[in-house]
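Just so we're aligned, residue 50 is where the sequence shown starts under the working numbering, counting upward by one. The block underneath contains the structure these notes are about, expressed in structure tokens.
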Amino acid sequence: MDLSRRQFLTTSALVTGAVGLGLRPSHPLRILILGGTGFLGPHLVRFALYRGHHVTIFNRGRTEPTMFTNLFSQVEKRVGDRADDLASLASGEWDVVIDNSGRDADWTAASAQLLKGRVGRYMYTSSTGVYYPYFGDDITEETPVLTEVMENDDGSSAYGVMKVLSERAAQAAFGSDRTVVVRPTYIVGPGDRSNRFEYWPARIQKGGEILVPGNADDPIQYIDVRDLTEFMIRLLENEASGTLNCVGPESRLGMHAFVHGVHAITSAAVHWVPIPDHDFLIEHGVPYAVPWIMPAGNEVGSARINFQHALGEGLTYRPLATTAADTLEWWYSDAVTPERRARLEEGLMAREAGIIAAWRERL
Ligand SMILES: NC(=O)c1ccc[n+]([C@@H]2O[C@H](COP(=O)([O-])OP(=O)(O)OC[C@H]3O[C@@H](n4cnc5c(N)ncnc54)[C@H](OP(=O)(O)O)[C@@H]3O)[C@@H](O)[C@H]2O)c1
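Laid out in structure tokens, this is it:
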């Protein structure tokens, strides 16, 4: 194991240890995770084991975890396919199931029906994407959601509708008192497979002229994967039910404050180049730079989701600097391939100087 990887694991263990302080639950849970080896899965596995729970994962055996790989020897594995092979789940009892790999409402209906007599509680990992396209200014869990795909859909409403129908399939099988639905916004942090948030720490630590899209106070929301997964396990320990928007940070954050916050983790000399002109950004292929989402069209309000309910249930937040520093450390560890790092640099980073030059010409 190289130094960066070892340092990353040590830092991560310290961070988890800090937030995990407190009494372990007196009754270890038997937790079944549908999925378990992608992004959220390894973090769930680590925190669940840390809390003394027993973990079973169900997946096709194709996706190899890239984090906390040493912990997977402590996990029971069931192999199958949510699309057409649930045979390995035909026996067994669990206190809770976490449905992470739900990409089809029929999959959730089938697993919830199969498990309802042998599992106490169903947790469905949904998304704030359910509120598309009616984000508005103060979206709560009671805000109405689409249940049918919009005409001329570009994929945005189909995802939200699939999540809504999946939530309902879980509730139909388990009843609303035995179902808990978490609706996270953009999930970020070590282990992310999306090449989105990691752009910012990776870009800012390189220094130089940095394109900052949008207005200073364009709202930013995201959730650190550790904050989310630790909250999910605590909800299950507390026998929670209902629906919770899982969104951070706790304070309102604008785009400029966000980049300054990420800059706090490096000593790189930077020169910010704010480009607030939405038309120009679209023309130059920058419709978003997650967690910045252009607050225009159907996305207005997508980063103004209300999370008071989750706060009341105990959602806590790492500082932005911790999320950014841990993400950067992971990004340069051997958990990420050089090819993947190169791909990130081929995107906006490669085009940035040209876009800045075009912006200056226009002024
Ligand atoms: N990333 C975000 O910003 C974001 C935001 C909001 C909500 N979400 C939601 O959060 C969840 C993310 O989950 P994750 O990927 O991090 O979860 P995960 O549990 O870490 O990984 C996904 C798992 O699904 C398994 N899987 C995929 N297709 C399968 C199939 N047909 N049958 C059985 N298992 C299958 C994969 O293993 P195999 O390939 O080996 O089968 C893998 O273990 C998703 O529901 C997503 O919609 C994500």
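Every residue, glycine too, gets a C-beta built ideally from N, C-alpha and C.
Whole-angstrom distance between residue j and residue i, CA atom to CA atom
i	j	result
Gly101	Gly396	42 angstroms
Glu286	Asp276	15 angstroms
Met413	Gly256	This structure cannot speak to residue 413, because the chain is shown only from 50 to 412.
Glu378	His76	35 angstroms
Asp133	Gly85	19 angstroms
Gln254	Ala370	13 angstroms
Lys212	Thr192	15 angstroms
Arg21	Asp130	A question about residue 21 goes unanswered here, because the residues of the chain that appear run from 50 up to 412.
Arg400	Val261	13 angstroms
Gly224	Met172	12 angstroms
Arg232	Glu410	43 angstroms
Ser416	Pro387	Only positions 50 to 412 of the chain appear in this structure, which leaves residue 416 out of reach.
Gly25	Arg245	Residue 25 is absent from the structure shown; the chain starts at 50 and stops at 412.
Asp203	Pro182	12 angstroms
Leu70	Tyr99	Bear in mind that a pLDDT of 47 at Leu70, under 50, signals an unreliable position, so the number given afterwards is only what the model happens to contain. Those two C-alpha atoms are separated by around 10 angstroms.
His333	Asn347	20 angstroms
Arg217	Val194	12 angstroms
Asp148	Tyr337	28 angstroms
Gly151	Leu89	13 angstroms
Boundaries (first-last residue) of the beta strand (DSSP E) holding residue i
i	result
Met281	Element bounds for Met281: not the beta strand (DSSP E) but the alpha helix (DSSP H), Val274 to Glu286.
Glu420	Nothing in the structure corresponds to residue 420, since the chain is present only between 50 and 412.
Thr292	Gly291 to Cys295
His76	Per DSSP, His76 belongs to no beta strand (DSSP E) and is neither H nor E.
Tyr366	Neither: Tyr366 is in no beta strand (DSSP E) and is coded neither H nor E.
Pro424	Nothing about residue 424 can be reported from this structure: the residues present for the chain run from 50 to 412 only.
Buried or exposed (CB count within 10 angstroms, at least 16 for buried), residue i
i	result
Thr278	buried
Gly361	exposed
Arg109	exposed
Val229	buried
Ser243	exposed
Trp156	buried
Arg373	Here the sequence assigns Ala to residue 373, which means Arg is not the residue at that position. Result: buried.
Leu412	exposed
Asn119	exposed
Ser415	This structure does not reach residue 415, given that the chain is present from 50 up to 412, and the question cannot be answered.
Leu331	In the sequence on display, residue 331 carries Ile and not Leu. Result: exposed.
Arg95	buried
Gly363	exposed
Proximity test, Cβ basis, 8 angstroms: residue i and chain C
i	result
Ile272	This model lacks chain C altogether, as it is built from one protein chain only.
First through last residue of the alpha helix (DSSP H) which encompasses residue i
i	result
Leu164	Ala154 to Leu164
Val311	Met304 to His312
Met211	Ser205 to Phe223
His333	Taken as a continuous stretch (DSSP letters only), His333 belongs to no alpha helix (DSSP H), as it is neither H nor E.
Thr372	Leu369 to Trp380
His92	Leu89 to Tyr99
Ile404	Leu397 to Arg411
His358	Gln357 to Gly361
Contact the region 304–323 vs the region 260–276: 3+ CB pairs below 8 angstroms: yes
Cβ pair count under 8 angstroms reaching 3, the region 181–190 against the region 159–173: no
How do the region 114–128 and the region 194–212 stand: do at least 3 beta-carbon pairs fall below 8 angstroms, yes or no? no
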